[in-house]
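In order, the protein sequence lines correspond to chains A and B.
First residue of the first sequence: 1, per UniProt numbering; consecutive thereafter.
First residue of the second sequence: 1, per UniProt numbering; consecutive thereafter.
Taking it in order: structure first as structure tokens, then the write-up.
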Amino acid sequence: MKHLMKWGLATPAILAVTLFLLVPVVITIAATFGEPKGVFSPYVAFFSSGFRRTVLFRTIEVALVTTAISLLIGFIAAYVIAQMPGRAKSVMIIAAVFPLLTGVVVRSFAWLIILGKNGILNTILLSIGIISEPLSMLYTEGSVIVAMVYLFVPLMILTLVGVLEGIPQDLIQAATSLGATPAATFRQVILPLATPGLIVGAVLVFTGSFTSYATPQLLGGEKQMMMGTFLYQRAMVTFDWVGASTIAAIMVVVTIGIVAIMSRLARRLNPMAV
Amino acid sequence: MARTVHPALIAFTALVFLFLLAPLVIIIGAAFSDTTYLTFPPQGLTLHWFSNIFQVQAFRTTAITSLELAFLGTALSLLIGIPAAYAISRYRVELPRWLSTLFVLPILVPEIVFGFSLMKSITIGLGLPIFPSLLIGHALLVLPYSVRVVSASLASFDFSIEEAAISLGCPPLKTFLTVVLPNIRAGVIAAFILAFITSINDVSVSVFLTGPGISTLPIQILAHMEQFFDPTIASVSVLLMLVTVAVMAIVEVTLGLTFLTK
Chain A
1 MKHLMKWGLA TPAILAVTLF LLVPVVITIA ATFGEPKGVF SPYVAFFSSG
51 FRRTVLFRTI EVALVTTAIS LLIGFIAAYV IAQMPGRAKS VMIIAAVFPL
101 LTGVVVRSFA WLIILGKNGI LNTILLSIGI ISEPLSMLYT EGSVIVAMVY
151 LFVPLMILTL VGVLEGIPQD LIQAATSLGA TPAATFRQVI LPLATPGLIV
201 GAVLVFTGSF TSYATPQLLG GEKQMMMGTF LYQRAMVTFD WVGASTIAAI
251 MVVVTIGIVA IMSRLARRLN PMAV
Chain B
1 MARTVHPALI AFTALVFLFL LAPLVIIIGA AFSDTTYLTF PPQGLTLHWF
51 SNIFQVQAFR TTAITSLELA FLGTALSLLI GIPAAYAISR YRVELPRWLS
101 TLFVLPILVP EIVFGFSLMK SITIGLGLPI FPSLLIGHAL LVLPYSVRVV
151 SASLASFDFS IEEAAISLGC PPLKTFLTVV LPNIRAGVIA AFILAFITSI
201 NDVSVSVFLT GPGISTLPIQ ILAHMEQFFD PTIASVSVLL MLVTVAVMAI
251 VEVTLGLTFL TK
């Protein structure tokens, strides 16, 4: 009876995930190995094409740069927020959450207005006389990165505020009273304790930007094709489903690989878990 | 107790918040501009673009589809997610650990891969109509919120209260509805809100599952942007922001927003 209960309650959800997520994704990946030209031929085709390699490397590069900038900005902001008194802290958290809850399309769209040829940034730069004609900032790797950082900094802040708040104040006071300089306290107490949180944040941002679709589509366009937009283009524009499935498989491997490596690293680095 | 923070760090954080909020202010400004192209600061003020949203039928129909999907998809995910979360928390020791991992999969698998695979298997493979396909996609996309947020609030629930009710003769289902559910209400509301917002803003999964006649609002916004670059998009964005504000107000009143960092 109890056995029936514990499994029975979870069964609908298990079935849903298995039938509509696991099976379709496995079929998609499996389909790439059934080519008449050889088991790995779609992958050979992918990696022997300079263009496709460029798309993959560009996506990894954009995701890495986005993660690094978001970590830096997010950590400093989260650190300051965590030190704020109650009321100011709540206001700042609300201000950080609000963009997060506003859709990706809306938030990427804002950067179209800012970075466009007749956009705000060009208008400002022209009027102060720094430039004499408008810069083309859209459809560059930089514009994609700026919009991605914009997308992910709130997520990073939220992840890190919780972690930084959890660091016992006694530890910091102990370090200070034993004569540690603020820099030493930061390096030897705060940073190690925050590392698991930094890793979680980094994984969220890296996988999020590596697999994003709307932002590269809007701000990168055809010129700055990334894996997500490439997958869509292969599947829905050229109807090359094997090609699209190959891209899908590579994305799954990179994503799950990063998550696996980083969560192992987080476990090893977590000083609380010893 | 607050510690002193270096002024340079505070100044930097102020800049971060300027970076986070200025683009949204810019959208709001552009939505009221009296021009046929997007610009900021607005040239003259008009509500024309807001009324234009309601003139464009595609926005009306896709907004309704998006709302239906978000409500039904979230409801479905809670319907299967709450019992699963209950099983995971109640029988934590007896159930294998991979079970919780299984329910994180919809987050772990890239959305765009999920959308593509789902389209191939159910829209094309099974020949399912567009709306049910979208509904399945959205329900699964938000399932992790239902399972994880509800499990989190069940973790602090004292199951001996439930046993007391059952031993006093209350039937299991009634016990769940009258004893357990009221105690995890905050978690259920939080799960609902996170799931709802995720669903209503989704692009990556929907982009494969929308088809002739049925689309969602974010997909329609993308399509509109490719044809027209007028302030209508800015005013739609403002309306979407208002929805977010309303939802956040509900969260603040029911739970307090700080639950988001816990």
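Each residue gets a CB set at the ideal place from its N, CA and C atoms; glycine is no exception.
Reduced DSSP secondary structure (H/G/I, E/B, other) of S133 (chain B): By 1-based counting over the second sequence, the position of residue 133 (chain B) is 133. Looking at S133 (chain B) - three-state DSSP - the assignment turns out to be helix.
Listed by chain order, chain A residues near T244 (chain B) by CB distance under 8 Å: Working through the second sequence from its first residue, we reach residue 244 (chain B) at position 244. Within chain A, the residues near T244 (chain B) are F98, L101, T102.
Alpha carbon of T101 (chain B) to alpha carbon of I14 (chain A), nearest angstrom: Within the second sequence, residue 101 (chain B) is the residue found at index 101, counting from 1. Within the first sequence, residue 14 (chain A) is the residue found at index 14, counting from 1. Going from the Cα of T101 (chain B) to the Cα of I14 (chain A) covers about 11 Å.
Reduced DSSP category for L45 (chain B) - H, G, I as helix; E, B as strand; rest coil: Working through the second sequence from its first residue, we reach residue 45 (chain B) at position 45. Strand.
Option nearest L71 (chain A) by Cα separation, candidates B:T39, B:V109, B:L135, B:V16: On the first sequence, position 71 is the one that residue 71 (chain A) refers to. For L71 (chain A), the nearest C-alpha among the options comes from B:V16.
CB-CB length for L47 (chain B) against P106 (chain B), believed under 8 Å: Position 47 of the second sequence, counted from the start, is the residue given in the question as residue 47 (chain B). Position 106 of the second sequence, counted from the start, is the residue given in the question as residue 106 (chain B). About 40 Å separates the two Cβ atoms, so there is no contact after all.
Cα-Cα separation, A191 (chain B) to S156 (chain B): Your numbering for residue 191 (chain B) matches position 191 in the second sequence. Your numbering for residue 156 (chain B) matches position 156 in the second sequence. Looking at the two C-alpha atoms, the distance is approximately 16 Å.
Buried/exposed call for M236 (chain A), threshold 16 Cβ in 10 Å: Within the first sequence, numbered from 1, the residue matching residue 236 (chain A) stands at position 236. Its Cβ having fewer than 16 others within 10 Å, M236 (chain A) is exposed.
For S33 (chain B), three-class secondary structure by DSSP: Reading the second sequence from its first residue, position 33 is the one you call residue 33 (chain B). Looking at S33 (chain B) - three-state DSSP - the assignment turns out to be strand.
H224 (chain B), enclosing alpha helix (DSSP H) - first and last residue: Stepping through the second sequence from its first residue, residue 224 (chain B) is reached at position 224. Start and end: 217 to 227.
Min CB distance L95 (chain B) to chain A below 7 Å: Here residue 95 (chain B) refers to the residue found at position 95 of the second sequence. Yes - at least one Cβ of chain A is within 7 Å of the one on L95 (chain B).
Neighbour list for G179 (chain A) in chain B, Cβ cutoff strictly below 8 Å: Against the first sequence, residue 179 (chain A) aligns to sequence position 179. Here the premise fails: no neighbours, minimum Cβ distance about 17 Å.
Chain-ordered chain A contacts of Y91 (chain B) [CB-CB under 7 Å]: Within the second sequence, residue 91 (chain B) is the residue found at index 91, counting from 1. Going along chain A in sequence order, the residues near Y91 (chain B) (Cβ under 7 Å) are K6.
Distance CB(T66 (chain A))-CB(V149 (chain A)) smaller than 7 Å: Counted from its first residue, the first sequence places residue 66 (chain A) at position 66. Counted from its first residue, the first sequence places residue 149 (chain A) at position 149. It is a contact, given that the beta carbons lie within the stated cut-off.
S143 (chain A) and L19 (chain A) closer than 7 Å at C-beta: Residue numbering aside, residue 143 (chain A) sits at position 143 when the first sequence is read from its first letter. Residue numbering aside, residue 19 (chain A) sits at position 19 when the first sequence is read from its first letter. It is not a contact, given that the beta carbons lie outside the stated cut-off.
C-alpha gap between V180 (chain B) and V163 (chain A), whole angstroms: Working through the second sequence from its first residue, we reach residue 180 (chain B) at position 180. Working through the first sequence from its first residue, we reach residue 163 (chain A) at position 163. Rounded to the nearest angstrom, the two C-alpha atoms are 30 Å apart.
Residues that DSSP places opposite G228 (chain A) in a beta bridge: Taking the first sequence and counting its residues from 1, one reaches residue 228 (chain A) at position 228. Paired residues: none, contrary to the question.
For L126 (chain A), three-class secondary structure by DSSP: Here residue 126 (chain A) corresponds to residue number 126 of the first sequence, with the count starting at 1. If DSSP states are grouped into helix, strand and coil, L126 (chain A) belongs with the helices.
Interface partners of T28 (chain A) on chain B, CB under 9 Å: Sequence index remark: in the first sequence, residue 28 (chain A) carries index 28 (1-based). Here the neighbours are V113, F116, S117, K120, S121.
Continuous alpha helix (DSSP H) stretch holding P172 (chain B): start and end: Here the question's residue 172 (chain B) lines up with position 172 in the second sequence. P172 (chain B) -> alpha helix (DSSP H) spans 172 to 175.
Where G213 (chain B) sits in the DSSP three-state scheme: Within the second sequence, residue 213 (chain B) is the residue found at index 213, counting from 1. It is coil, neither helix nor strand.
Helix, strand or coil at F239 (chain A) [DSSP, three-state]: Indexing the first sequence from 1 puts residue 239 (chain A) at position 239. F239 (chain A) falls in the coil class under three-state DSSP.
Rounded separation between F103 (chain B) and I256 (chain A) - CA only: Mapped onto the second sequence, residue 103 (chain B) falls at position 103. Mapped onto the first sequence, residue 256 (chain A) falls at position 256. Answer to the nearest angstrom: the Cα atoms are 15 Å apart.
Helix, strand or coil at L181 (chain B) [DSSP, three-state]: Position 181 of the second sequence holds residue 181 (chain B). Of the three classes helix, strand and coil, the one that applies to L181 (chain B) here is helix, per DSSP.
Close-in-space but distant-in-sequence residues of the same chain around V149 (chain B) (CB under 6 Å, 5 per side omitted): Locating residue 149 (chain B) in the second sequence gives position 149, counting from the first residue. Counting only Cβ-Cβ distances below 6 Å, and skipping sequence neighbours, we find G187, A190, A191.
Contact set for T210 (chain B): own chain, Cβ-Cβ below 8 Å, skip 5 residues either direction: The residue you call residue 210 (chain B) lines up with position 210 of the second sequence. So the qualifying residues of the chain are I130, L134, T216, I219.
Inter-stretch contact at 8 Å, needing at least 3 Cβ pairs: the region 182 to 199 of chain A / the region 50 to 63 of chain A: no
Contacting positions in the region 35 to 48 of chain A - beta carbon closer than 8 Å to chain B: none
Per-residue DSSP class, three states only, for D230 (chain B): Counting from 1 along the second sequence, the entry for residue 230 (chain B) is found at position 230. Note: D230 (chain B) maps to coil in three-state DSSP.
Contacts of A30 (chain B) in chain A (Cβ-Cβ under 7 Å): What you label residue 30 (chain B) is simply residue 30 of the second sequence in a count that begins at 1. What A30 (chain B) touches in chain A: I113.
Boundaries (first-last residue) of the alpha helix (DSSP H) holding I93 (chain A): Taking the first residue of the first sequence as position 1, residue 93 (chain A) is located at position 93. Taken as a continuous stretch (DSSP letters only), the alpha helix (DSSP H) holding I93 (chain A) covers 86 to 101.
C-alpha gap between F32 (chain B) and V56 (chain B), whole angstroms: As a working mapping, residue 32 (chain B) is identified with position 32 in the second sequence. As a working mapping, residue 56 (chain B) is identified with position 56 in the second sequence. One C-alpha to the other measures close to 17 Å.
C-alpha distance - V55 (chain A) paired with L64 (chain A), whole-angstrom precision: Numbered from 1 along the first sequence, position 55 holds the residue referred to as residue 55 (chain A). Numbered from 1 along the first sequence, position 64 holds the residue referred to as residue 64 (chain A). Near 14 Å, if we compare the C-alpha coordinates of L64 (chain A) and V55 (chain A).
Beta-carbon proximity of S235 (chain B) to H138 (chain B), cut-off 7 Å: Taking the first residue of the second sequence as position 1, residue 235 (chain B) is located at position 235. Taking the first residue of the second sequence as position 1, residue 138 (chain B) is located at position 138. It is not a contact, given that the beta carbons lie outside the stated cut-off.
As assigned by DSSP and simplified to three states, the class of L112 (chain A): The residue you call residue 112 (chain A) lines up with position 112 of the first sequence. Correct three-state label for L112 (chain A): helix.
F109 (chain A) versus B:A246, B:T254, B:V238, residue with shortest Cα-Cα distance: The count along the first sequence starts at 1 and reaches residue 109 (chain A) at position 109. The shortest C-alpha separation from F109 (chain A) is found at B:V238.
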